[in-house]
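Structure record follows, encoded as structure tokens.
Protein chains: 2
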Amino acid sequence: MAQIQRNQPLYEQLMWRIKAQVAAGVLVIGEKLPSVREMALIEGLNPNTVAKAYKALEAQNVIETVTGKGTFIRRNGENADDELVEQLKNKLIEVTIEAKRVSISPNQLHSWIDELYGEKQ
Amino acid sequence: MAQIQRNQPLYEQLMWRIKAQVAAGVLVIGEKLPSVREMALIEGLNPNTVAKAYKALEAQNVIETVTGKGTFIRRNGENADDELVEQLKNKLIEVTIEAKRVSISPNQLHSWIDELYGEKQ
DNA sequence: TACGGTGTACCATGTAACATAGTACACGTA
DNA sequence: TACGTGTACTATGTTACATGGTACACCGTA
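In order, the protein sequence lines correspond to chains A and B.
Mapping the first sequence onto the working numbering, position 118 (from 1) lands on 118, and the numbers just tick up by one.
Plus 1000 on top of the position in the second sequence (first one is 1) and you've got the working numbering.
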């Protein structure tokens, strides 16, 4: 209904915003996220859409949800799920194929990666 | 209707198969692709779905289509569209955030990239 | 010229995902 | 008890996908 969107569903966009904030250190472990209804107001989304994002994030162990209390940032996983690694590699393959096609050097990709890893350790 | 699928639409899956074959050197510049109807039989898809993939690939300058003759592999683009680079970078950001989260080292990502760049120069 | 192969453009149908709206429930805390 | 929390429904509407089918303009060749 809202759907101004470019390519990605709204709930996935929200997931990435949260993930990025965790990766950047803006959201720290144990920190409480806004409630489903509150986040809906902030982001201009339907509470159901936020709930969908939260549920998906919990399935990925990014957040922890305690019924009646709220949702909280979880500590990073140490070992990766095989399926997740495979999925991640496939996505990287797509990026690399595309980069190669338009003559972007591997070093350019490397520096983009290092740039992100550098943020807050 | 067919839709056994994991995640990606069929026409996009076909696009990536063709792109990968170009990147790997299986398909060379000037080579003719199977016709829309022929490819549909090969891949078990509807001709319209193949046509959609071909049309998208032409929009990305991967192939060239000559009405009445067929579709052919195009030479690689030298300079990248700004929007495409931005899109590519965003995808890489997503990969990196996810990799960081599950404790995959940047060096691991680097080697995956170099591995693909190594294929047939 | 006629014919077959090519990409393209339609229209119609059905399925699934997405997003919203609204209601209700079980739980924990103050 | 009252309130806020996540969750689970049902319902509605839109959009993307995929397929089926038909038709057209173009090219090359017999």
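C-beta atoms are modelled at their ideal positions from N, C-alpha and C, and glycine is treated no differently.
- Between the beta-carbon of B/Ala1024 and that of A/Arg101 there is about 12 angstroms, and that puts the pair past the 8 angstroms contact cut.
- Looking at A/Glu64, A/Ile93, A/Arg37, the one whose alpha-carbon comes closest to that of A/Val50 is A/Arg37.
- Bounds of the beta strand (DSSP E) holding A/Val66 are 63-66.
- Contact between A/Leu14 and B/Leu1092 is absent: CB atoms are separated by about 20 angstroms, not below the 8 angstroms threshold.
- For the pair A/Val26 and A/Phe72, the Cα-to-Cα distance works out to about 13 angstroms.
- Listed as beta-bridge partners of B/Lys1032 by DSSP are B/Phe1072.
- For A/Lys32, the nearest beta carbon of chain B is not closer than 8 angstroms to its own beta carbon.
- Excluding its 5 nearest sequence neighbours in each direction, B/Leu1033 has C-beta neighbours in its own chain below 6 angstroms: Thr1071, listed in chain order.
- At the C-beta level, B/Trp1112 and A/Lys52 stay beyond 8 angstroms of one another.
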